[in-house]
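Engineer:
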Amino acid sequence: MTCRDDILAVARVLARQSADGTFSSQEVVAALRAKGTTHLDTTIRRHVASEMCRNAVGANAGKFHDLERVERGRFRLIEAQATPKAQV
Numbered sequence: 001m002t003c004r005d006d007i008l009a010v011a012r013v014l015a016r017q018s019a020d021g022t023f024s025s026q027e028v029v030a031a032l033r034a035k036g037t038t039h040l041d042t043t044i045r046r047h048v049a050s051e052m053c054r055n056a057v058g059a060n061a062g063k064f065h066d067l068e069r070v071e072r073g074r075f076r077l078i079e080a081q082a083t084p085k086a087q088v
């Protein structure tokens with residue numbers, strides 16, 4: 001599985017376990033570590049905060065619209081929009 005696939009799997013669990021449906025990138029890292037992931041912590045955090053976050057800023061930001069930053073350090077899953085950004 002890809003890093004993105006692994007993150008989506010644990011994000012679904014974390015969102016269900018959270019009262020407000022949000023989670024932090026550190027919670028994602030910890031959950032993947034507990035599952036024995038081989039992905040680097042920095043790779044996981046980059047995916048969560050940038051590549052998979054639709055309202056992130058930067059060169060690779062918003063590559064996939066899987067997550068949304070709802071406040072500093074907190075994200076929520078966007079299942080309906082978990083598709084790659086359209087190519088322009």
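Going by the numbering used here, the sequence shown opens with residue 1, and the numbers climb by one from there.
Glycine included, C-beta positions come from ideal geometry on N, C-alpha and C.
Quick one: give me the first and last residue of the beta strand (DSSP E) that Val70 is part of.
Structural biologist: Leu67 to Glu71
Engineer: Which partner residues of Arg45 appear in the DSSP bridge assignment?
Structural biologist: Arg45 pairs with nothing; no bridge assigned.
Engineer: With DSSP run on the structure shown, which of helix, strand or coil describes Leu32?
Structural biologist: helix
Engineer: Tell me whether Leu40 sits in a helix, a strand or coil according to DSSP, three-state version.
Structural biologist: coil
Engineer: Under 8 Å, do Phe23 and Ala34 count as touching if we go by C-beta distance?
Structural biologist: No, they are not a contact pair.
Engineer: If we ignore side chains and look at the alpha-carbon of each, how far apart do Thr83 and Ser25 end up?
Structural biologist: Any reading at Thr83 must be qualified, since the residue scores a pLDDT of 44, below 50, and its modelled position is unreliable; the value itself is stated next. Approximately 20 Å, taken between the alpha carbons.
Engineer: Using the C-alpha atoms, what's the distance from Gly62 back to Lys85?
Structural biologist: Note that Lys85 scores a pLDDT of 48, beneath 50, so its modelled location is shaky and nothing firm can be said.
Engineer: Grouping DSSP H, G and I as helix and E and B as strand, with all else coil, what is Arg74?
Structural biologist: strand
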